[in-house]
Ligand SMILES: [Zn+2]
Ligand SMILES: [Zn+2]
């Protein structure tokens, strides 16, 4: 924030358009605020005028006053912060909406006995005879459950516990039968059916193996899915988010976004990462290009990215993230498990090189250092073949990164998309992880500071619905992540055992890095910095008004700051209830 302080000391620099006395009135004016424009100079201002969906002036209260006319809506910011609308660079609104309102354990650490008891007490009303019993947001860290355990919930109704991380599910025997999972069923590409010493499927399904079960479940209707998606988008807007990078979009999902836009209910900019399989297959390349073309010129939806699911998750007992060195056992001795090798390194290179040539942005899910190294190798191969293409590829998560790879992000122009809300002590990062990887890997977990020092560009993303706490289905907000990135301390979860502890203090980053990671830097990473990401004349009027002054706040208070107004495309799209 050094630059900001300088701007304040030297006197505010304003950037209002040259305006005569009789300026055409604005449709919306926001005044008396601490406007953090997030422009190149990080200029601060007091007020903003909006006409239609564009910002027409930014400046002092006095300068903006003359845009107020008869029909102008005026919002008094009460001295609090106004920022560009937040950009969530990794989120799953369709999947998140689907979980809302379901029987949930809210990510609380629970034993299988506790979950069986909870489900029997409060979740049996779902469906009736033969219908699925579904429990969502199960905390997978150190969680072990077998099909026999879940038969205690029901032997006649299929039961599925869905891990909050999206990579883990546990099912009972009735569900195994419906999913046609037998001991002889092979692991699907990109997933694992856990088996016991005798080769029997245990009921624990990792990564893509989960779809064997979920595909056997009844599908929600289109009307139900649209309603859930709207609910999810409203929740995101209530946290100040005006653009999402949808991180796994099927063609069906894109249809939902499109129909919301057609009925003028979308109120969100959507940049979709298309769901695809890593296969060097001409038919798949053609399909992806056709989907992108369908959305060319769409007012709110772009479909020019491709998601690569390159590994799983790192916590015990799942341990499907691909690691250079094997996972350790509880005594610190190396095991034979190096995680899921879900792709062929050479195929990944060909796939990435081809999609890069076709102009797609590639977004790689990578938790383990083996995967990140392979992804960087693939981006390097693409650059050698195609030259620098400005497709702004990214690797997302980056939990463990080999130190030798830190400088390669800047060298290859690959963005680092991080979920720093997770970079705090928790049962995920401590109990389910610390014993199982080397101290050296642990020291560099979520290496935001090191990556930044090595010149890489970090932008943010929640990966929602991969978080939920008691009383809040979306705790991983840009402001909560900002606090976590600055402090690396757990302060959001009311039930945390790790309050006050710090995870890798050397990897902290500053306020400006975090706020820009959810505004202008995210806009650049998503190639929409000419229209969004900062409060500047001519840009689209996506804004978020907070109930506090971020610059004056203690870092440990930033996560709890609430949104008062979210302005999308020039109109108020969320307004907090009056206190
Ligand atoms: Zn992921
Ligand atoms: Zn994700």
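In my numbering, the protein residues as written are 1 to 579. Think of the CB as a built atom: it goes at the ideal place given N, C-alpha and C, for glycine as much as any other residue. No experiment lies behind these values; they were computed from the predicted model shown.
Alpha carbon of residue i to alpha carbon of residue j, nearest angstrom
i           : j           : result
residue 279 : residue 310 : 12 Å
residue 399 : residue 65  : 48 Å
residue 409 : residue 147 : 43 Å
residue 253 : residue 94  : 7 Å
residue 553 : residue 131 : 50 Å
residue 577 : residue 566 : 13 Å
residue 434 : residue 150 : 29 Å
residue 37  : residue 569 : 16 Å
residue 229 : residue 386 : 38 Å
residue 203 : residue 52  : 55 Å
residue 223 : residue 575 : 26 Å
residue 538 : residue 531 : 8 Å
residue 111 : residue 367 : 25 Å
residue 441 : residue 510 : 23 Å
residue 235 : residue 77  : 22 Å
residue 172 : residue 117 : 15 Å
residue 9   : residue 551 : Reliability fails at residue 9, whose pLDDT of 36 lies under 50, so the model's placement of it is uncertain and no value is given.
residue 572 : residue 233 : 14 Å
residue 336 : residue 487 : 35 Å
residue 39  : residue 520 : 8 Å
Beta-carbon contacts of residue i that lie in its chain and below 8 Å, excluding the five residues immediately before and after
i           : result
residue 7   : The predicted position of residue 7 is uncertain, since its pLDDT is 44 and thus under 50; no value can be drawn from it.
residue 226 : 256, 259 and 260
residue 354 : 280 and 285
residue 291 : 251, 254, 274 and 303
residue 82  : 30, 33, 34, 35, 36, 48, 535, 543, 544, 545 and 546
residue 108 : 139, 470 and 495
residue 276 : 284, 288, 306, 307 and 308
residue 392 : 361, 413, 415, 524, 525, 526 and 527
Residue(s) in a DSSP beta bridge with residue i
i           : result
residue 78  : Its beta-bridge partners do not exist; DSSP assigns none.
residue 417 : 396 and 459
residue 168 : 206
residue 34  : 81
residue 334 : 328
residue 565 : 545 and 575
residue 472 : 469
residue 134 : 160
residue 305 : 273 and 361
residue 104 : 136
Contact under 8 Å by Cβ, residue i with residue j
i           : j           : result
residue 414 : residue 363 : no
residue 86  : residue 214 : no
residue 394 : residue 417 : yes
residue 34  : residue 79  : yes
residue 249 : residue 274 : yes
residue 370 : residue 445 : no
residue 90  : residue 463 : yes
residue 373 : residue 344 : no
residue 547 : residue 564 : yes
residue 491 : residue 460 : no
residue 514 : residue 482 : yes
residue 162 : residue 136 : yes
residue 396 : residue 365 : yes
Range covered by the alpha helix (DSSP H) that runs through residue i
i           : result
residue 379 : 369-386
residue 520 : 520-525
residue 236 : 222-238
residue 61  : 61-65
residue 441 : 439-443
residue 558 : 555-558
residue 423 : It is not in any alpha helix (DSSP H) - residue 423 carries neither H nor E in the DSSP assignment.
residue 353 : 345-357
residue 290 : 282-294
residue 118 : 112-122
residue 449 : 448-453
residue 49  : Residue 49 -> not in any alpha helix (DSSP H); beta strand (DSSP E) instead, spanning 47-51.
residue 516 : 511-517
residue 411 : 408-412
residue 491 : Segment: none, residue 491 is in no alpha helix (DSSP H) and carries neither H nor E.
residue 149 : 147-151
residue 174 : 173-178
Where the beta strand (DSSP E) through residue i begins and ends
i           : result
residue 246 : 241-249
residue 191 : 191-195
residue 533 : No beta strand (DSSP E) contains residue 533, which DSSP labels as neither H nor E.
residue 86  : 86-91
Cβ-based neighbour list, residue i, same chain, cut-off 6 Å, excluding 5 preceding and 5 following
i           : result
residue 266 : 260 and 300
residue 501 : 425
residue 271 : 245, 302 and 526
Contacting residues, own chain, Cβ-Cβ under 7 Å from residue i (five flanking each side not counted)
i           : result
residue 181 : 193, 201 and 212
Item checked: Neighbourhood of ligand 4 [Cβ distance below 6 Å to any heavy atom], ordered by chain position -> Annotation note on ligand 4: not contained in the displayed structure, which lists ligand 1 and ligand 2 as its ligands.
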